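Asker:
In the UniProt record's numbering, the protein residues as written are 1 to 283.
(1) Short of 8 Å in beta carbon distance, which residues of its chain neighbour residue 91, apart from the five on each side in sequence? Order them along the chain.
(2) Where does residue 261 sit, in a helix, a strand or coil, going by DSSP?
(3) Residue 333 to residue 58, Cα distance in whole Å?
(4) By DSSP, does residue 46 sit in helix, in strand, or in coil?
(5) Could you tell me which residues DSSP pairs with residue 60 in its beta bridges?
(6) Quick one: residues in its chain with C-beta nearer than 7 Å to the C-beta of residue 252, no 5 flanking neighbours on either side, listed in chain order?
(7) May I ask you to report which of helix, strand or coil DSSP gives residue 109?
(8) Run through the DSSP bridge pairs and tell me what residue 120 is partnered with.
(9) Please return the same chain residues whose Cβ sits closer than 8 Å to the Cβ of residue 29, not counting the five positions on each side in sequence.
(10) Among 181, 170, 5 and 264, whose alpha-carbon lies nearest the alpha-carbon of residue 66?
(11) Under the assumption that residue 126 contacts residue 80 (Cβ atoms under 8 Å), give the Cβ distance between them as a whole number of angstroms.
(12) Can you list, in chain order, the residues of its chain with a C-beta nearer than 7 Å to that of residue 74? Leave out the 5 residues immediately preceding and following it.
(13) If we ignore side chains and look at the alpha-carbon of each, how far apart do residue 78 and residue 96 end up?
(14) Who pairs with residue 178 in a beta bridge, going by DSSP?
(15) On the criterion of 16 or more Cβ atoms from any shown chain inside 10 Å, does residue 216 qualify as buried, or is it exposed?
(16) What does residue 294 pair with, by DSSP beta-bridge criteria?
(17) Please report the straight-line C-alpha distance between residue 115 and residue 71, rounded to a whole angstrom.
(18) Under 7 Å Cβ to Cβ from residue 239, same chain only, skipping five residues before and after it: list those, please.
(19) Could you check whether residue 56 and residue 119 sit closer than 9 Å to each other, using their CB atoms as the reference points?
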């Protein structure tokens with residue numbers, strides 16, 4: 001979006017006051033409304049679709065494969081595809097790097113272990129159909145929902161195969177499958193990434209395209225199991241020369257993500273537990 005000098009000045013001034021006046025009237029800690037659904041792709045173990053109020057939309061498919069654990073350097077593979085964007089572009093590489101940095105460290109890998117020798121490998125395929133703002137937050141929400149809706153076939157063979165050459169066998173009845181993340185095990189929920197914009201002394205979560213245009217800097221903050229987790233890194237949200245980030249900015253971002261993260265998780269879990277599309281505003 002190309003803003004005129006007058007529009008840019010007005011937005012910057014309104015976002016610099018305390019409290020910031022956002023163009024869509026959200027509070028500093030409030031997300032844009034989303035429309036989300038889960039488990040709609042028939043050939044996937046888990047899937048989700050998220051649409052933002054500004055037209056951004058993403059689909060995530062989760063598939064699994066039985067592999068020999070010793071032959072795999074990682075049990076999680078992430079791929080991102082964006083309409084009209086080259087697969088080897090720096091933009092896509094940076095998105096994948098940010099997602100891998102939290103999923104590979106904070107994903108409960110023990111949930112993928114089948115036997116002494118075999119494990120499930122999870123393939124997370126992300127498709128961004130459209131985006132007007134930086135899509136990392138959109139992708140993170142979509143991946144969370146897809147992983148929470150993922151189901152795995154029930155193992156029927158022995159788990160102790162260290163001395164026996166035996167391939168894992170599974171129950172053919174999909175109704176007997178189990179969820180990768182059980183609803184009662186919220187302490188092991190998938191991790192999330194939040195994008196925080198910085199203007200003046202203010203920080204605000206889930207910046208829109210207009211807010212990104214006048215942002216002086218941005219932060220990517222990880223959240224898992226009720227706590228701030230790595231990565232915590234700066235990102236340039238606009239084409240402007242970015243300014244430095246003070247310790248006060250980081251502390252404000254930490255406090256904001258920690259306070260609203262639990263509510264975001266609660267709202268997303270409501271979507272997972274519903275059979276229908278859910279239109280919800282996350283606070």
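C-beta atoms are modelled at their ideal positions from N, C-alpha and C, and glycine is treated no differently. For clarity, every value in this text was computed on a predicted model and none was experimentally measured.
Answerer: The short version:
(1) Position 91 of the chain shown, counting from 1, holds the residue named residue 91. Taken in chain order, the residues that qualify are 82 and 85.
(2) One-based indexing of the chain shown puts residue 261 at position 261. Looking at residue 261 - three-state DSSP - the assignment turns out to be helix.
(3) What is shown of the chain runs 1 to 283, which leaves residue 333 out entirely.
(4) In the chain shown, counting from the first residue as 1, residue 46 sits at position 46. Three-state result, residue 46: strand.
(5) Sequence index remark: in the chain shown, residue 60 carries index 60 (1-based). Partner residues in the beta bridge of residue 60, as assigned by DSSP, are 48 and 126.
(6) Within the chain shown, the letter at position 252 stands for residue 252. Closer than 7 Å at the Cβ level, and outside the excluded window around residue 252, lie 203.
(7) The count along the chain shown starts at 1 and reaches residue 109 at position 109. Residue 109 falls in the helix class under three-state DSSP.
(8) Stepping through the chain shown from its first residue, residue 120 is reached at position 120. Answer by DSSP bridge pairing, in chain order: 66.
(9) Taking the first residue of the chain shown as position 1, residue 29 is located at position 29. Non-local beta-carbon contacts of residue 29 in its own chain, meaning distances under 8 Å to residues more than five positions away in sequence, involve 204, 205, 256, 259, 260 and 283 in chain order.
(10) Translated into the one-based positions of the chain shown, residue 66 becomes position 66. Measuring from the Cα of residue 66, the nearest candidate turns out to be 170.
(11) Reading the chain shown from its first residue, position 126 is the one you call residue 126. Reading the chain shown from its first residue, position 80 is the one you call residue 80. A Cβ-Cβ distance of about 5 Å is found for the pair residue 126 and residue 80, placing them in contact under the 8 Å criterion.
(12) Mapped onto the chain shown, residue 74 falls at position 74. Listed in chain order, the non-local C-beta contacts of residue 74 below 7 Å within the same chain comprise 104, local neighbours out to five positions each way being set aside.
(13) Start at 1 with the first residue of the chain shown, and residue 78 comes out as number 78. Start at 1 with the first residue of the chain shown, and residue 96 comes out as number 96. One Cα belongs to residue 78, the other to residue 96, and the distance between them is close to 7 Å.
(14) Here residue 178 refers to the residue found at position 178 when the chain shown is read from its first residue. Checking the DSSP bridge columns, you'll see residue 178 partnered with 152.
(15) Position 216 of the chain shown, counted from the first residue, corresponds to residue 216. Buried is the call here.
(16) It is not possible to answer for residue 294, since the shown part of the chain is limited to 1 through 283.
(17) The residue labelled residue 115 in the question sits at position 115 within the chain shown. The residue labelled residue 71 in the question sits at position 71 within the chain shown. If you take the alpha carbons of residue 115 and residue 71, they lie about 14 Å apart.
(18) Here residue 239 refers to the residue found at position 239 of the chain shown. By the criterion of a C-beta distance shorter than 7 Å, residue 239 is surrounded by no residue of its chain, once the five residues flanking it on both sides are discounted.
(19) Walking along the chain shown from the start, residue 119 turns up at place 119. Walking along the chain shown from the start, residue 56 turns up at place 56. The Cβ atoms of residue 119 and residue 56 do not sit closer than 9 Å to each other.
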